[in-house]
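Numbered according to our numbering, the sequence shown spans residues 357 to 487. Below you'll find the structure, written out as structure tokens, and then a few comments.
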Amino acid sequence: MKPQVYLAGPGNRYDPWRSEFKKIEGFKFYDPDIDSNQTSSETFFPQDLTAIKNSKFLIANPGIAPAEGTLIEIGYFYALNTKDPGDFCKNLIIIWNKDRITWSIEFVKKTGFVVETVDEAMTKLLEITKN
357 MKPQVYLAGP GNRYDPWRSE FKKIEGFKFY DPDIDSNQTS SETFFPQDLT
407 AIKNSKFLIA NPGIAPAEGT LIEIGYFYAL NTKDPGDFCK NLIIIWNKDR
457 ITWSIEFVKK TGFVVETVDE AMTKLLEITK N
């Protein structure tokens, strides 16, 4: 069975970053814009959290705008996939755009792998799944 990867962040209508990941073979990618019912938060919120719970990996791309939803998804995945607060989550990859405000970057780096680009995130996903 292919490991599930949850793709958290702005949808393809804003940035086509998710489609790049779907080209990688050997994974089942969960795209909230497609795989959950987006008609209201009453439907997508529980569906997305269930998908996060069922995912082996989470790739987050908070972009450069405020991204509260993405940060909630990251926190939920982190809590589910670490034993103790402060542990590093080896299955979490966060794309931190170089233009994003950096005041919290040191905190963010303690949670999981932090990269600057989609290409770096794709490479990191392949790297961590080989081990």
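Every residue gets a Cβ at the ideal spot worked out from N, C-alpha and C, and that includes glycine.
Nearest-angstrom Cα separation, counted from residue j out to residue i
i, j, result
"Asp391", "Gly442", "31 Å"
"Phe383", "Leu427", "23 Å"
"Val464", "Ser397", "26 Å"
"Ser411", "Phe444", "17 Å"
"Asp389", "Glu476", "23 Å"
"Asp387", "Thr406", "13 Å"
"Lys379", "Tyr434", "25 Å"
"Tyr432", "Ile451", "17 Å"
"Val474", "Arg374", "9 Å"
"Thr438", "Thr399", "27 Å"
"Gln403", "Pro359", "18 Å"
"Leu482", "Glu462", "24 Å"
Residue environment, residue i, which counts as buried when at least 16 other CB atoms sit within 10 Å
i, result
"Asp455", "exposed"
"Met357", "exposed"
"Phe385", "buried"
"Ala364", "buried"
"Ile415", "buried"
Contact check, residue i vs residue j, beta carbons under 8 Å
i, j, result
"Val361", "Phe401", "no"
"Lys480", "Leu436", "no"
"Asn453", "Glu429", "no"
Best match in the options for proximity to residue i [C-alpha to C-alpha]
i, options, result
"Asp440", "Ile420, Lys466, Pro418", "Lys466"
"Ile449", "Gly431, Phe469, Phe433, Asp404", "Phe469"
"Pro372", "Trp459, Ser396, Pro359, Asn417", "Asn417"
"Lys446", "Asn368, Ile484, Ile420", "Ile484"
"Ile457", "Asp404, Tyr432, Gly419", "Gly419"
"Ala423", "Tyr370, Asn393, Pro359, Leu482", "Tyr370"
"Gln394", "Tyr434, Ile461, Gly367, Pro359", "Gly367"
Rounded distance between the beta-carbons of residue j and residue i, thought under 8 Å
i, j, result
"Glu376", "Met478", "7 Å"
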